[in-house]
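Engineer: Structure in structure tokens, see below.
Residue numbers (the working numbering): 255 to 567.
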């Protein structure tokens with residue numbers, strides 16, 4: 255079968271053996287390119303990429319995939335915080351991912367789709383789950399003022415997640431096409447005044463500084479962003495004086511907003527069904543799997559208006 259792997263530091267489509275062993279086989283319908291995939295191009299990984307994945311089971315049922323696989327028995331897993339499991343592994347990083355014709359996953363990683371969401375859009379369930387977790391970590395409530403910093407996939411899906419909870423949401427984004435997508439999802443497009451919650455989804459030092467500056471005294475900054483190169487916090491005194499809480503938000507688990515057994519990925523699947531304009535606003539480009547090298551080039555080029563680029567085997 256075909257699979258996307260790195261060859262000499264670039265992304266290539268190669269022929270590999272079909273996956274074998276225990277698990278559930280999923281015929282891939284869509285696989286999103288994540289910013290982390292772009293960062294990992296030079297890491298020398300030998301496995302198949304792709305952790306934003308959806309597809310079809312052997313009986314035709316359409317599903318999304320939760321790419322995290324935890325032990326299920328440790329104290330963190332028992333607390334519903336599988337993302338904190340000390341031995342957690344990730345499809346698309348430690349194990350072969352879904353930028354391929356097929357992927358074999360643990361049964362616990364299957365996410366049922368609801369509301370008629372097609373598998374061609376359901377690769378968004380994974381990044382939406384990141385945003386759902388970030389919103390839940392910050393305990394966003396109806397009527398609160400929320401600012402999202404960063405207009406990529408995580409930022410835009412955070413807009414949808416916070417608005418779905420009844421918050422008043424503004425978006426601070428760098429590029430015009432991101433601003434337009436935020437408007438389509440109901441966000442204001444100018445940061446003004448103080449906010450109860452700020453979600454930092456850009457992953458830069460300047461974005462975190464802005465997030466702290468815009469948080470009200472006693473407010474919360476939720477951080478689903480990844481700082482690949484490390485940062486400083488120049489306005490740490492402002493954070494101290496205002497007693498702003500910084501809440502790192504890593505991936506997803508069971509946040510507990512809708513009960514201890516409701517997974518963030520299931521909340522994400524429900525949100526994708528409840529906000530049908532979300533996939534239209536976020537997915538900007540689709541490519542066949544054979545065109546993966548071009549898809550990665552487009553995903554890395556904000557000047558072409560890319561937000562979420564999807565591969566379709």
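Idealized CB from N, CA, C, for every residue including glycine. Everything numeric in this text was worked out from a predicted model, so none of it was measured.
#1: Whole angstroms is fine: what's the gap from residue 380's alpha carbon to residue 520's?
#2: On the criterion of 16 or more Cβ atoms from any shown chain inside 10 Å, does residue 332 qualify as buried, or is it exposed?
#3: DSSP on residue 424, reduced to helix/strand/coil?
#4: Can you tell which of 493, 364, 449 has its C-alpha closest to the C-alpha of residue 306?
#5: Evaluate the contact criterion for the region 266-284 versus the region 322-336: three or more CB pairs, one atom per stretch, below 8 Å.
#6: Whole angstroms are fine: how far does the CA of residue 407 sit from the CA of residue 565?
#7: So, residue 342 versus residue 322, is the Cβ gap smaller than 8 Å?
#8: Return the residue from the list 465, 373, 391 that minimises the CA-CA distance to residue 424.
#9: Does any C-beta atom of chain C lie closer than 8 Å to the C-beta of residue 407?
#10: Going by beta-carbon coordinates alone, are residue 410 and residue 561 separated by less than 8 Å?
#11: Quick check: the Cα distance between residue 390 and residue 558, rounded to an integer number of angstroms?
#12: Starting from residue 538 and walking both ways along the beta strand (DSSP E), at which residues does that stretch end?
#13: If the criterion is Cβ atoms closer than 8 Å, does the pair residue 436 and residue 451 meet it?
#14: Out of 477, 300, 271, 448, point me to the one whose CA is closest to residue 462's CA.
#15: Let me check one thing: in DSSP terms, what residues is residue 259 bridge-paired to?
#16: Just to confirm, are residue 479 and residue 454 a CB contact at a threshold of 8 Å?
#17: Check whether the region 346-362 and the region 525-533 touch, using three or more Cβ-Cβ pairs below 8 Å as the test.
#18: Beta carbon of residue 259, beta carbon of residue 543: below 8 Å?
#19: Using CA coordinates, which residue listed in 398, 468, 546 is at the minimum distance from residue 426?
#20: Just how far apart, CA to CA, sit residue 475 and residue 486?
#21: Any idea what DSSP makes of residue 464, helix, strand or coil?
#22: Are residue 387 and residue 405 touching if we call contact CB-CB under 8 Å?
#23: Along the beta strand (DSSP E) that carries residue 502, what are the first and last residues, could you check?
#24: Hey, would you say residue 351 sits closer than 8 Å to residue 304, going by beta carbons?
#25: In chain order, what residues of the same chain lie with their CB nearer than 7 Å to the CB of residue 540, ignoring the 5 residues before and after it?
#26: If I'm right that residue 445 touches residue 500 with Cβ under 8 Å, what's the distance once you round it to whole angstroms?
#27: Is it buried or exposed, residue 555, if we count other Cβ atoms within 10 angstroms and call 16 or more buried?
#28: Can you tell me whether DSSP reads residue 308 as helix, strand or coil?
#29: Going by the CB atoms, is the gap between residue 367 and residue 394 shorter than 8 Å?
#30: Could you pull out every residue in the same chain whose Cβ sits closer than 6 Å to the Cβ of residue 372, ignoring the five residues on either side in sequence?
#31: Is the CB-CB distance between residue 438 and residue 422 below 8 Å?
#32: Can you name, in chain order, every residue of its own chain whose Cβ lies under 8 Å from the Cβ of residue 482, other than the five neighbours on each side?
Structural biologist: According to the structure shown:
#1: Position 126 of the chain shown, counting from 1, holds the residue named residue 380. Position 266 of the chain shown, counting from 1, holds the residue named residue 520. Roughly 10 Å separates the two Cα atoms.
#2: The residue labelled residue 332 in the question sits at position 78 within the chain shown. Burial call: exposed.
#3: The residue you call residue 424 lines up with position 170 of the chain shown. Residue state, collapsed to three classes: strand.
#4: Taking the chain shown and counting its residues from 1, the one referred to as residue 306 is at position 52. That would be 364, whose Cα lies nearest to the Cα of residue 306.
#5: no
#6: For the purposes of this step, residue 565 is taken as residue 311 along the chain shown, with counting starting at 1. For the purposes of this step, residue 407 is taken as residue 153 along the chain shown, with counting starting at 1. The straight-line gap from Cα to Cα measures roughly 15 Å.
#7: Position 88 of the chain shown holds residue 342. Position 68 of the chain shown holds residue 322. Yes, they are a contact pair.
#8: To locate residue 424, count along the chain shown from 1; it is residue 170. Measuring from the Cα of residue 424, the nearest candidate turns out to be 465.
#9: In the structure shown, chain C does not exist; there is a single protein chain.
#10: Taking the chain shown and counting its residues from 1, one reaches residue 410 at position 156. Taking the chain shown and counting its residues from 1, one reaches residue 561 at position 307. Cβ distance < 8 Å, so residue 410 and residue 561 count as in contact.
#11: Counting from one through the chain shown, the residue named residue 390 turns up at place 136. Counting from one through the chain shown, the residue named residue 558 turns up at place 304. Answer to the nearest angstrom: the Cα atoms are 33 Å apart.
#12: Sequence index remark: in the chain shown, residue 538 carries index 284 (1-based). It spans 537-542 - the beta strand (DSSP E) in which residue 538 sits, taken as one unbroken run.
#13: For this step, residue 436 is matched to residue 182 along the chain shown. For this step, residue 451 is matched to residue 197 along the chain shown. No, the pair does not count as a contact, with Cβ atoms beyond the cut-off.
#14: Mapped onto the chain shown, residue 462 falls at position 208. The shortest C-alpha separation from residue 462 is found at 477.
#15: Taking the first residue of the chain shown as position 1, residue 259 is located at position 5. BP columns for residue 259 point to 266.
#16: The residue you call residue 479 lines up with position 225 of the chain shown. The residue you call residue 454 lines up with position 200 of the chain shown. The answer is yes: Cβ separation under 8 Å.
#17: Taking 8 Å as the limit for Cβ pairs, the verdict is that the region 525-533 does not touch the region 346-362.
#18: Taking the first residue of the chain shown as 1, we reach residue 259 at position 5. Taking the first residue of the chain shown as 1, we reach residue 543 at position 289. Contact flag unset, no.
#19: Here residue 426 is taken as the residue at index 172 of the chain shown, counted from 1. Out of 398, 468, 546, 468 has the C-alpha closest to the C-alpha of residue 426.
#20: Here residue 475 corresponds to residue number 221 of the chain shown, with the count starting at 1. Here residue 486 corresponds to residue number 232 of the chain shown, with the count starting at 1. So the alpha carbons of these two residues sit roughly 16 Å apart.
#21: Along the chain shown, one-based indexing puts residue 464 at 210. Three-state result, residue 464: helix.
#22: Locating residue 387 in the chain shown gives position 133, counting from the first residue. Locating residue 405 in the chain shown gives position 151, counting from the first residue. Cβ atoms of residue 387 and residue 405: not closer than 8 Å.
#23: Mapped onto the chain shown, residue 502 falls at position 248. Residues 499-502.
#24: Looking up residue 351 in the chain shown gives position 97. Looking up residue 304 in the chain shown gives position 50. Yes, Cβ-Cβ distance for residue 351 and residue 304 is below 8 Å.
#25: Within the chain shown, the letter at position 286 stands for residue 540. Correct list, in chain order: 564, 566.
#26: Taking the chain shown and counting its residues from 1, the one referred to as residue 445 is at position 191. Taking the chain shown and counting its residues from 1, the one referred to as residue 500 is at position 246. About 18 Å; that fails the 8 Å criterion.
#27: For this step, residue 555 is matched to residue 301 along the chain shown. That one is exposed.
#28: Locating residue 308 in the chain shown gives position 54, where the first residue counts as 1. Three-state result, residue 308: strand.
#29: The residue given as residue 394 occupies position 140 in the chain shown. The residue given as residue 367 occupies position 113 in the chain shown. Result no, Cβ atoms of residue 394 and residue 367 do not sit closer than 8 Å.
#30: The count along the chain shown starts at 1 and reaches residue 372 at position 118. When the five nearest sequence neighbours on each side are left out, no beta carbon in the same chain lies closer than 6 Å to the beta carbon of residue 372.
#31: The residue given as residue 438 occupies position 184 in the chain shown. The residue given as residue 422 occupies position 168 in the chain shown. No, the pair does not count as a contact, with Cβ atoms beyond the cut-off.
#32: Mapped onto the chain shown, residue 482 falls at position 228. Within its own chain, the residues whose Cβ lies closer than 8 Å to the Cβ of residue 482, once the five positions on either side in sequence are excluded, are 293, 457, listed in chain order.
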